[in-house]
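As structure tokens, the structure follows; a few thoughts come after it.
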Amino acid sequence: PYFIFLQQNVAILQNLYESPQDVELVVAGSLERNVPGAQAGPTYLCILTEQFYRTRVGDRYFYENGADPDTAFTPSQLETIRKGASMSRLLCDNGDGIRVMQPRGFQQISHGNKVVPCDQLPFVDLTLWQDARGHF
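Letter by letter, the sequence shown follows residues 3 to 138 of the numbering used here.
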């Protein structure tokens, strides 16, 4: 069975706190075992997920939240952003001397995330932002 806390940590908490209701969130959350494949326990993971969701849907300037036709991206612009915008591409385009990068820039280099030349990574087609005269 999977236990959220190691038994030794439960014993420490029992010695330090009179009741489970007295344990602070930060203390208990930091003692939880990480969820498999994550870098946080279930409580922190839930809080982080909820916060990212609220930040995204609550940000009227987030690129996919635009309903105003004068300021929203076109369907073609959204498509190229979704296909080509990545942390890896951002680092390749803006980092000094970066010529290779793993496709999923926030994840460690691994068998499924091998380093590739920057020119093999998808890119955002900026011509979709040009006006009729070719100006940006």
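Quick reminder that beta carbons are idealized off the backbone N, C-alpha and C, glycines included.
Who are Asn-115's beta bridge partners in DSSP? Asn-115 is bridged to Ser-112.
Kindly indicate which three-state DSSP category Val-126 falls into: helix, strand or coil? Of the three classes helix, strand and coil, the one that applies to Val-126 here is coil, per DSSP.
Is Val-25 helix, strand or coil when you go by DSSP? It is coil, neither helix nor strand.
I need the straight-line Cα distance from Gln-110 to Gln-104, nearest angstrom please. Computed Cα separation, rounded: 8 Å.
Do you know offhand how far Gly-114's Cα is from Arg-106's? Whole-angstrom Cα-Cα distance: 10 Å.
Using the three-state DSSP reduction, which class does Val-37 fall into: helix, strand or coil? DSSP places Val-37 in coil when its eight states are reduced to three.
Quick check: what's the CA-CA separation for Val-102 versus Asn-96? Distance between the alpha carbons of Val-102 and Asn-96: 13 Å.
Identity of the residue in Phe-7, Asp-61, Cys-120, Pro-77 nearest Phe-43 by Cα: Per the sequence shown, residue 43 should be read as Gly rather than Phe. Closest by alpha carbon: Phe-7.
Distance, Val-12 Cα to Glu-34 Cα: Computed Cα separation, rounded: 10 Å.
If I'm right that Ser-78 touches Leu-130 with Cβ under 8 Å, what's the distance once you round it to whole angstroms? About 5 Å separates the two Cβ atoms, so the contact holds.
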